[in-house]
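Presented below is the structure to which this report refers.
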Amino acid sequence: MKKFTILSTFIFLTTIAFAQTDIVITEIMYNSPESDTDSLEFIELYNKGQGTIDISGYYFTSGIIDTLSNGTSIAAGAYYILCVDSEALYKTFGISAHQWNSGALNNSGEAITIRDANGSIVDSVSFTDKSPWPTEADGDGSSLTLCDPTLDNVDNTNWTASTTTTWITVNGIEVLATIGTGCTGSSSVKNLTHDSQNLTFYPNPVIDHTIYFNVAVDGAIYSIDGKKIISFVNQETIDIKNFETGFYILKPNNGESHKFLITCK
Ligand SMILES: [Ca+2]
Ligand SMILES: [Ca+2]
Ligand SMILES: [Ca+2]
Numbered sequence: 372m373k374k375f376t377i378l379s380t381f382i383f384l385t386t387i388a389f390a391q392t393d394i395v396i397t398e399i400m401y402n403s404p405e406s407d408t409d410s411l412e413f414i415e416l417y418n419k420g421q422g423t424i425d426i427s428g429y430y431f432t433s434g435i436i437d438t439l440s441n442g443t444s445i446a447a448g449a450y451y452i453l454c455v456d457s458e459a460l461y462k463t464f465g466i467s468a469h470q471w472n473s474g475a476l477n478n479s480g481e482a483i484t485i486r487d488a489n490g491s492i493v494d495s496v497s498f499t500d501k502s503p504w505p506t507e508a509d510g511d512g513s514s515l516t517l518c519d520p521t522l523d524n525v526d527n528t529n530w531t532a533s534t535t536t537t538w539i540t541v542n543g544i545e546v547l548a549t550i551g552t553g554c555t556g557s558s559s560v561k562n563l564t565h566d567s568q569n570l571t572f573y574p575n576p577v578i579d580h581t582i583y584f585n586v587a588v589d590g591a592i593y594s595i596d597g598k599k600i601i602s603f604v605n606q607e608t609i610d611i612k613n614f615e616t617g618f619y620i621l622k623p624n625n626g627e628s629h630k631f632l633i634t635c636k
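Here it is as structure tokens:
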């Protein structure tokens with residue numbers, strides 16, 4: 372009987388010591404190519420499991436300071452982005468993300484550790500800006516990326532510098548990252564041509580002075596720094612021949628915003 376109690380206790384302790392480990396840190400932008408404060412730092416989490424994981428109360432004990440609020444979860448096969456400055460991230464990439472509470476990622480590298488609400492370590496990566504870690508991630512535009520989330524992310528040989536363009540240039544340097552997507556797809560910016568409201572617009576980049584929608588749309592187009600340029604009602608096409616080359620945000624009155632690129636000048 373005593374033996375059984377000891378065994379039960381051991382199983383109980385073992386169970387609480389190991390956290391759900393299907394949440395993996397898959398991408399880190401620790402030194403975005405800005406010369407002053409890095410406003411585009413982000414950390415990408417991925418759920419490699421078979422079901423949705425509730426990450427309410429998960430918190431960081433190194434790297435950054437943040438506790439995820441109640442109701443936060445990641446669906447199976449989905450990504451979750453945390454960033455240092457959600458406004459800067461949105462204005463630059465058109466991507467909405469959770470802004471962490473405080474702290475910033477050290478440009479020389481450091482450990483990033485996330486724990487579940489019980490304090491058990493969920494994942495931890497200790498990276499540096501020196502070889503054998505990919506040095507292109509140290510301010511040359513690339514994020515650090517773990518392309519195969521099933522591999523051990525403690526091992527630096529499983530990480531590479533991202534080579535996927537975001538179509539965004541910061542401080543004269545092209546940003547290479549897959550924010551919220553895997554390595555094999557196209558960049559998240561290019562993927563923003565569909566939304567949950569079934570609106571499709573094309574082409575992106577816009578190359579013939581016209582944006583086409585699959586349905587009539589009400590909305591507006593904003594510059595990347597948030598200034599409204601035009602608004603429109605019940606349109607299936609928009610003439611953009613007077614627009615300068617660059618990125619813009621298309622904001623339907625009913626639906627998600629999309630970033631698009633105009634290259635026809
Ligand atoms: Ca920097
Ligand atoms: Ca930094
Ligand atoms: Ca990614």
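In our numbering, the protein residues as written are 372 to 636.
Ideal Cβ positions, reconstructed from N, Cα and C, are used throughout, including at glycine.
In this text, all values refer to a predicted model and were calculated from it rather than measured experimentally.
Residue i burial status per 10 Å Cβ neighbour count (16 or more: buried)
{"i": "SER513", "result": "buried"}
{"i": "THR516", "result": "buried"}
{"i": "PRO623", "result": "buried"}
{"i": "PRO503", "result": "exposed"}
{"i": "GLU607", "result": "exposed"}
{"i": "GLY590", "result": "buried"}
{"i": "ALA508", "result": "buried"}
{"i": "VAL496", "result": "buried"}
{"i": "SER403", "result": "buried"}
{"i": "TYR619", "result": "buried"}
{"i": "TYR450", "result": "buried"}
{"i": "LYS462", "result": "buried"}
{"i": "TYR583", "result": "exposed"}
{"i": "ILE436", "result": "exposed"}
{"i": "SER533", "result": "buried"}
{"i": "LEU439", "result": "buried"}
{"i": "ASP324", "result": "Residue 324 lies beyond the residue range present for the chain, which begins at 372 and ends at 636; the question has no answer from this structure."}
{"i": "THR490", "result": "The amino acid at residue 490 is misidentified as Thr; the sequence shows Gly. Exposed, because fewer than 16 other Cβ atoms sit within 10 Å of the Cβ of GLY490."}
{"i": "ILE485", "result": "buried"}
Proximal residues to residue i (C-beta, below 7 Å), its chain only, five neighbours per side dropped
{"i": "SER442", "result": "This sequence places Gly at residue 442; Ser is not what is there. Result list for GLY442: SER427, in chain order."}
{"i": "HIS565", "result": "Unreliable positioning characterises HIS565 in this predicted model, as indicated by a pLDDT of 36, which lies under 50. A coordinate reading is not provided."}
{"i": "GLU545", "result": "GLY512, THR536"}
Within 8 Å, strictly: CB atoms of residue i and residue j
{"i": "TYR417", "j": "THR397", "result": "yes"}
{"i": "THR531", "j": "ALA548", "result": "no"}
{"i": "PHE631", "j": "ILE539", "result": "no"}
{"i": "GLY412", "j": "ALA475", "result": "As written in the sequence, residue 412 is Glu, which differs from the Gly given in the question. In contact: GLU412 and ALA475 (Cβ atoms closer than 8 Å)."}
{"i": "GLU405", "j": "VAL541", "result": "yes"}
{"i": "ALA446", "j": "THR423", "result": "yes"}
{"i": "ILE611", "j": "VAL577", "result": "yes"}
{"i": "GLU481", "j": "GLY434", "result": "yes"}
{"i": "ILE466", "j": "ILE483", "result": "no"}
{"i": "ASP500", "j": "VAL493", "result": "no"}
{"i": "LYS419", "j": "PRO520", "result": "yes"}
{"i": "LEU621", "j": "ILE592", "result": "yes"}
{"i": "SER457", "j": "GLN470", "result": "yes"}
C-beta neighbour in chain D for residue i, strict 8 Å
{"i": "ILE435", "result": "Absent from the structure: chain D. Only one protein chain is present."}
Note to self: Which complete beta strand (DSSP E) runs does the region 386-429 hold, if anything under 3 residues is left out?
What the structure shows: 394-400, 413-418
Exercise. For ligand 2, enumerate in chain order all residues having a CB closer than 6 Å to any of its heavy atoms.
Key: TYR401, ASN402, ASP409, GLU412, ALA475, LEU476, ASN478
### Task
Please list the segments of the beta strand (DSSP E) lying wholly inside the region 547-620, counting only runs of 3 or more residues, in order along the chain.
581-594, 599-610
| field | alpha helix (DSSP H) runs wholly inside the region 464-550, at least 4 long, in chain order | value | none
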